[in-house]
Amino acid sequence: MSYENLEQALQAAKNPVEMLRNSQIGPYAFPVVPSEFTNWRDEQRSWRETCALFDQSHHMTDLYLEGPDALKLISALGINTFNNFRVDTAKQFVACNHDGYVIGDAILFHLAPNSFVFVGRPPALNWVQYNLETGGYNAKAERDERSFVNKTGRRVYRYQVQGPNARKVMEKVTGKPVPDIKFFNMDVFQIAGCKVRALRHGMVGQPGWEIFGPWADADRVRDAIVEAGREFGIRKVGARTYPTSTLESGWIPSPLPSVYTGELMKPYRQWLKGTSYEATASLGGSFVSKNIESYYLSPYDMGYGGFVRFDHEFIGRAALEKIAKKPKKQKVTLVWNGDDVDKVFSRLFHAGKFSKYIDLPLANYSTLPFDKIVKAGKTIGLSTYTGYSFNERSMLSLACIDVKYAKPGTKVSVVWGEDGGGTKKPTVEHHNQATIRATVQPAPYGETARVAYRPK
Amino acid sequence: MAAHNLSAVLKAHGNAVKLLRNSKIGMYIYPVVAPEFSNWRNEQVAWRKSAVLFDQTHHMDELIVEGPDAAAFLEYVGVNSFANFDLNRAKHFVPVTPAGYVIGDMIIFREREDKFVLVGRAPTANWVRFQQAIGKWKVRLTHDPRSDSRPDGKAIYRTHYRFQIQGPEANKIFEKINEGPVPDVKFFHVDWIKIGSRRVQALRHGMAGAPGLEVWGPYADKHYIQSTIMQAARDVGVDLALVGSRAYSTNTLESGWIPSPLPAIYTGGGMLQEYRDWLGADSYEAVGSIGGSLATDNIEEYYVNPFELGYGFYIGWKSDFIGKDALTKMKDQKNRKKVTLEWNRDDLLKVVASSFEEGVPYKWIDFPQPNYASTNADILLNSKKPAGISMFNGYSFNERCMLSLAIVNDDVQIGDQLTLIWGEPETTGKTSTEPHRQAEIRVRVSPTPYAREARENYAASWRTKPNA
Chain V
77 MSYENLEQAL
87 QAAKNPVEML
97 RNSQIGPYAF
107 PVVPSEFTNW
117 RDEQRSWRET
127 CALFDQSHHM
137 TDLYLEGPDA
147 LKLISALGIN
157 TFNNFRVDTA
167 KQFVACNHDG
177 YVIGDAILFH
187 LAPNSFVFVG
197 RPPALNWVQY
207 NLETGGYNAK
217 AERDERSFVN
227 KTGRRVYRYQ
237 VQGPNARKVM
247 EKVTGKPVPD
257 IKFFNMDVFQ
267 IAGCKVRALR
277 HGMVGQPGWE
287 IFGPWADADR
297 VRDAIVEAGR
307 EFGIRKVGAR
317 TYPTSTLESG
327 WIPSPLPSVY
337 TGELMKPYRQ
347 WLKGTSYEAT
357 ASLGGSFVSK
367 NIESYYLSPY
377 DMGYGGFVRF
387 DHEFIGRAAL
397 EKIAKKPKKQ
407 KVTLVWNGDD
417 VDKVFSRLFH
427 AGKFSKYIDL
437 PLANYSTLPF
447 DKIVKAGKTI
457 GLSTYTGYSF
467 NERSMLSLAC
477 IDVKYAKPGT
487 KVSVVWGEDG
497 GGTKKPTVEH
507 HNQATIRATV
517 QPAPYGETAR
527 VAYRPK
Chain U
5 MAAHNLSAVL
15 KAHGNAVKLL
25 RNSKIGMYIY
35 PVVAPEFSNW
45 RNEQVAWRKS
55 AVLFDQTHHM
65 DELIVEGPDA
75 AAFLEYVGVN
85 SFANFDLNRA
95 KHFVPVTPAG
105 YVIGDMIIFR
115 EREDKFVLVG
125 RAPTANWVRF
135 QQAIGKWKVR
145 LTHDPRSDSR
155 PDGKAIYRTH
165 YRFQIQGPEA
175 NKIFEKINEG
185 PVPDVKFFHV
195 DWIKIGSRRV
205 QALRHGMAGA
215 PGLEVWGPYA
225 DKHYIQSTIM
235 QAARDVGVDL
245 ALVGSRAYST
255 NTLESGWIPS
265 PLPAIYTGGG
275 MLQEYRDWLG
285 ADSYEAVGSI
295 GGSLATDNIE
305 EYYVNPFELG
315 YGFYIGWKSD
325 FIGKDALTKM
335 KDQKNRKKVT
345 LEWNRDDLLK
355 VVASSFEEGV
365 PYKWIDFPQP
375 NYASTNADIL
385 LNSKKPAGIS
395 MFNGYSFNER
405 CMLSLAIVND
415 DVQIGDQLTL
425 IWGEPETTGK
435 TSTEPHRQAE
445 IRVRVSPTPY
455 AREARENYAA
465 SWRTKPNA
């Protein structure tokens, strides 16, 4: 059944939770890029030991925003500060609803005076576009859809070069020492005769770069990087491996957009198409509440408290001023108990009861994974993104846990799988739930990452 | 200077085993088709319980052989008898070398008296093309190689689409799309059926005793045919599962065909030397990979003969064909035989568990398809003595079992327990292998095709017998 807009879809469904939990769309798509170039174990090792090349050209939507009021719009929506948001810098833009709950986040590049691009999953971009169209701003927006829903081809390629040898690879491919620019600052490089823009990035405590430019140059630039990286052990990272890098760097890609409730958000729900991410996303996991607001997260819950600046007016500010005084949750990494994971695997070899299969390295089976974290019979948090790290030899999940259980070393359990044998999502086989012990650790978890992967 | 043919590549690497065990091609890919449409567990269940749609459009070469000599030519190149090769019939075509070792296999369709279509992996297509090039046959060849393994978003074109519809409920779908009962054709015979507005050729196929059809036609019709089939399934209330590339290759574990013998062309003079000069430096034979615990300097240890693969009864002894003399001698020797191996779950779990422990793990077993090379060869031991080679792996959710297809010494009996060495002894240059150590996995010999009854009858010894 298709509906004109999200509001209509919600009215037809009994409950937004039920609608999303039985979505037929499958997990978030990482399209076009081959699932493995070599093998996912070595691909994971590359960002820790040598150098990884991520092809991010296909899985994120870009929204270009231009005009005299562009920054005014950005500032009216973002929790971040935009004082001194200079050209050639970027930010992790986070937008909230009126109650201070996260709608989505995106990387926001300041490309030129009054010219910006948001890059990320659709929810933050949809919200920006809606407010532009309804708020009377003197600016215009253009979307470049992710490949999953893009019929005409992408405008730009987007690669990341990451890992301890990333600097050497960049110096080789650009033929000169790389300038010592700060984290999330941009520069212009020449690669294989092509002009590329490079955002200083980094994970695992080493400098890294995100590189982008016109699609026509995509193959040339990539091939040059691969060639230059050969002697430094560069590996192309496939679609199976790529989304697991965040388990070590600690970014949660998949908050539920907090748009399904509230009269104030109703016009937005009417604006969002029936085919939008918000209307079609799949919600999965052991955490089930009839109240969709139980899935909403504040920026503090997600570790974005440091981004919140009350130096400007923005949607959600009043609510966040209250939440700031007493945040409920904290972002942590959960390290899953290997013996309990083994038990889930052992069900592969027994007739009868099956535990939800844990696919390695990425175990998510929905767009929005939400598993409950329990202790002494009580739900104490939400585990929201799950996979395996060969570097850590562990299953890891990113979680928002009640503050009082957030201390590293705290023993908790994650309930894996869905109740009642599972929902109707195509990714879900009939299964029983399993309880898996886990230990709370900081996010980011990677030891070097923990120290150095910090926006300054 | 870059090598321009297989001979030059081999010369540069010194040894065929060394070349292939260090190939950089990566794992054998089933290209273009999405990895999973729903999830691989349910996709496997569907071919046992309801119905599946396999999209076989992309992973196989297609070779058309036509002309007045087409039948005589192919009968000479392959071991098969063409005596009963009527029109609208298909066969499992197997060529061997003059020494009698298997080059590969393809499904061959006779479309006309003078026209055949061959579908399968590249080695057989290459060999047929070579035989045409060096012979004086009146035949014309049209070769459509398989789709690019990593198209990276670029458009893919094939001559034909190719689908299989399989499973216990498949018949209901056929009747719907054909607007009436489908012709009662025999196994491996071809007839025409209707799919929507198109008339298409359909090969009677089947796995695990359930009916199935393979249909093909112009690539431009692919989307129309697929959506018509899917709609028909919905109309008759059959849960038709599209099978993704992750589950697809595991269906053969339940049906028993070994897709990946090494083409036995790396040794031998005369015609084979000429063939290696003819094969390009980018051919399957030059760039394919060998993976597994069998690491020997002698490439011939990876060769298999048609008797070992269970193809002995295909041989047309009345006609003359390449390798006939050698096969005549092999026929009466003690040949190894094809079996299915059921892997011990405790040993498998030991391998899985090593991924959650510090240190060098065992070679990762990817579910449901653990193969990590074009040709797989794992050592089998019986009381520490060589007992055969395990050649193709896959997990079956239907059987809740890791299975592999193997050829074993003729004295090995159903129910015997062997030890499979999993993982490679040496560090190779293959991109599909991470640093790992080897594991011993107990396996129990079962019939091919694999039968559940066998496992249950032998359950006691399977669980209790200590490590061999």
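Heads up: the sequence lines are chains V and U, in that order.
Quick note: the first sequence uses my numbering, first residue 77, plus one each step.
Quick note: the second sequence uses my numbering, first residue 5, plus one each step.
All C-beta atoms, glycine included, are put in the ideal place defined by N, C-alpha and C.
Chain V within 8 Å of residue i, Cβ atoms only
i, result
"U:Trp321", "no"
"U:Val449", "no"
"U:Asp156", "yes"
"U:Thr468", "Only weak support is given to the placement of U:Thr468: the predicted model assigns it a pLDDT of 32, under 50, and the question is left unresolved by the model."
"U:Leu352", "yes"
"U:Thr435", "yes"
"U:Ala174", "no"
"U:Ala87", "no"
"U:Gly398", "no"
"U:Gly171", "no"
"U:Arg150", "no"
"U:Gly18", "no"
"U:Cys30", "Reading off the sequence shown, one finds Gly at residue 30 of chain U, where the question assumed Cys. It does; some Cβ of chain V falls within 8 Å."
"U:Glu183", "no"
Rounded distance between the beta-carbons of residue j and residue i, thought under 8 Å
i, j, result
"V:Lys148", "V:Tyr213", "7 Å"
"V:His312", "V:Gly289", "As written in the sequence, residue 312 of chain V is Lys, which differs from the His given in the question. About 18 Å separates the two Cβ atoms, so there is no contact after all."
"V:Ile301", "V:Tyr336", "No, V:Ile301 and V:Tyr336 are not in contact; Cβ-Cβ is about 42 Å, not under 8 Å."
"U:Asp195", "U:Asp65", "Contact flag wrong, Cβ pair sits at about 25 Å."
"U:Thr300", "U:Val21", "7 Å"
"U:Asn46", "V:Glu505", "5 Å"
"U:Ala381", "U:Ile319", "So it is not a contact: roughly 25 Å between Cβ atoms."
"U:Ala237", "U:Ile177", "5 Å"
C-beta neighbour in chain U for residue i, strict 8 Å
i, result
"V:Phe192", "no"
"V:Thr114", "yes"
"V:Lys532", "Any reading at V:Lys532 must be qualified, since the residue scores a pLDDT of 38, below 50, and its modelled position is unreliable; the value itself is stated next. V:Lys532 does not count as touching chain U."
"V:Ala171", "no"
"V:Val108", "yes"
"V:Ser111", "yes"
"V:Arg117", "yes"
"V:Ala427", "yes"
"V:Tyr433", "yes"
Reduced DSSP secondary structure (H/G/I, E/B, other) of residue i
i, result
"V:Asp415", "helix"
"U:Gly392", "strand"
"U:Gly316", "helix"
"V:Arg393", "helix"
"U:Asp350", "helix"
"V:Thr320", "helix"
"U:Arg203", "strand"
"U:Glu66", "strand"
"U:Asp414", "coil"
"U:Ile269", "coil"
"U:Asp152", "coil"
"U:Ile326", "coil"
"U:Ile181", "helix"
Any residues in the stretch 367-393 of chain U with a beta carbon nearer than 9 Å to a beta carbon of chain A? Which ones, in chain order?
Absent from the structure: chain A. Protein chains present are V and U.
Give a yes or no on contact between the stretch 340-358 of chain V and the stretch 299-319 of chain V, applying the rule of three or more CB pairs nearer than 8 Å.
no
Evaluate the contact criterion for the stretch 214-222 of chain V versus the stretch 136-152 of chain V: three or more CB pairs, one atom per stretch, below 8 Å.
yes
Just by C-beta distance, which residues in the stretch 496-517 of chain V are closer than 8 Å to chain U?
Pro502, Thr503, Val504 and Glu505
Using Cβ-Cβ distances below 8 Å, what residues of the stretch 34-58 of chain U are close to chain V?
Pro39, Glu40, Phe41, Ser42, Asn43, Arg45, Asn46 and Val49
Sufficient close CB pairs (3 or more, under 8 Å) joining the stretch 137-144 of chain U to the stretch 63-79 of chain U:
yes
Name the residues in the stretch 455-470 of chain V whose C-beta lies less than 9 Å from a C-beta of chain U; which are they?
Tyr464, Phe466, Arg469 and Ser470
Given a limit of 7 Å on CB to CB distance, which residues of the stretch 393-425 of chain V reach chain U?
Gly414, Val417, Asp418, Phe421, Ser422, Leu424 and Phe425
Mind checking the stretch 80-109 of chain U against chain V and listing, in chain order, the residues whose C-beta falls within less than 9 Å of any C-beta there?
none
Does the stretch 305-314 of chain U come close enough to the stretch 414-423 of chain U to have 3 or more Cβ pairs within less than 8 Å?
no
Residues from the stretch 333-359 of chain U in contact with chain V, defined by Cβ distance under 7 Å
Arg349, Leu352, Leu353, Val356, Ala357 and Ser359
Okay, do the stretch 99-119 of chain V and the stretch 357-375 of chain V touch, 3+ Cβ pairs below 8 Å being the bar?
yes
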